[in-house]
Amino acid sequence: MSLPSHVRLVEVGPRDGLQNEAQPISVADKVRLVNALSAAGLGYIEVGSFVSPKWVPQMAGSADVFAQIQRKPGVTYGALAPNLRGFEDALAAGVKEVAVFAAASEAFSQRNINCSISESLARFAPIMAAARQHGISVRGYVSCVLGCPYEGEIAPEQVAAVARELYAMGCYEVSLGDTIGTGTAGATRRLFEVVGAQVPRDKLAGHFHDTYGQAIANIYASLLEGISVYDSSIAGLGGCPYAKGASGNVATEDVVYLLDGLGIETGIDLQALIGAGQQISKVLGRPTGSRVARARNAR
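Oh and the sequence shown: position 161 is 161 in UniProt numbering, straight run, nothing missing.
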């Protein structure tokens, strides 16, 4: 299969990237980050999450962030809304697209949201109904698609079953997440072969963590399978509070560098992106997690 001519990146840094940070991050710094990402040319930015601050304290100010960002025409500013209360709060904040998530692992689902996979999917029914009523698009996530911290290897058929359910209930796109970053290129290709037989490949996305340093290789493997949408996180921010040892998402800068080198269009200014990553890394008081940004700075 030939490589896609254009790839769309879903920037998850302001949400998935920052949610696992221990130190408080101000609304102003989050707004500055989102605006910098918009200016760099990203067309989809996951700004925050409408969940209980008891469970994810860093996302407590999501409504304030949405109220203060400079919304650029043509850019989608999304949010995670895992239950009806979260959806209603997102709607009140002017969010036009939300995301829901399920796991491919029963053990992870129980540890993460205290219910089975089937129970988690049933919880989405009222969200999907409300979304249709209000004209809100819904994106789906499936976690632990290439490995689980509790169950180990996950069968691709198990992932396909969950992805199929999300797509059937109305998620316009389903992102498959290697939550603990143990996936390899061969396993990634097999995953998309199996899931792609049940969900159209143009409705699938890849979400790779870089725990084992395989994220870029896995993205290339996915490109060979015709996947043209990828989640990534500025400066490699992220991790999962419910998956011990899971490191950050693949850095957006590194993905853009890969795609530029392959001649694949993204519409993203790499240098502006590196600047945005340096800015938030300074706020966090540590070096950027992007290998490309570190290499450029070392020149």
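Heads up, the beta-carbon is just placed ideally off N, CA and C, and yes, glycines get one too. All of these numbers come straight from a predicted model, not from anything done at the bench.
Notebook entry, point to check: Would you say the region 49 to 57 touches the region 102 to 118, given that touching needs at least three Cβ pairs under 8 Å?
Noted result: no
Notebook entry, point to check: In the structure shown, what three-state DSSP assignment does residue 89 receive?
Noted result: helix
Notebook entry, point to check: On the premise that residue 88 lies in contact with residue 234, defined as a C-beta separation below 8 Å, what is that separation, rounded to the nearest angstrom?
Noted result: About 29 Å; that fails the 8 Å criterion.
Check: By how many angstroms is the C-alpha of residue 298 removed from the C-alpha of residue 166?
Finding: 44 Å
Notebook entry, point to check: residue 253: buried (16+ other C-beta within 10 angstroms of its C-beta) or exposed?
Noted result: buried
Check: With distances taken from CA atoms, which of 66, 182, 176 and 43 is nearest residue 149?
Finding: 182
Next item on the list: Could you pull out every residue in the same chain whose Cβ sits closer than 6 Å to the Cβ of residue 301, ignoring the five residues on either side in sequence?
Entry: The shown model of the chain, from 1 to 299, leaves out residue 301, and the question about it has no answer.
Item checked: Residues near residue 225 by beta carbon distance below 6 Å, same chain, minus five either side -> 189 and 192
Notebook entry, point to check: Span of the beta strand (DSSP E) holding residue 97?
Noted result: 97 to 103
Notebook entry, point to check: Per DSSP, what kind of secondary structure is residue 74 in: helix, strand or coil?
Noted result: coil
Next item on the list: Could you tell me the distance, in whole angstroms, from the CA atom of residue 255 to the CA atom of residue 265?
Entry: 12 Å
Next item on the list: Whole angstroms is fine: what's the gap from residue 97's alpha carbon to residue 66's?
Entry: 12 Å
Notebook entry, point to check: Can you check whether the CB of residue 57 is closer than 7 Å to the CB of residue 33?
Noted result: no
Next item on the list: Measure the C-alpha to C-alpha separation of residue 221 and residue 173 and round it to an integer number of angstroms.
Entry: 19 Å
Note to self: Helix, strand or coil for residue 205? Go by DSSP, reduced to three states.
What the structure shows: strand
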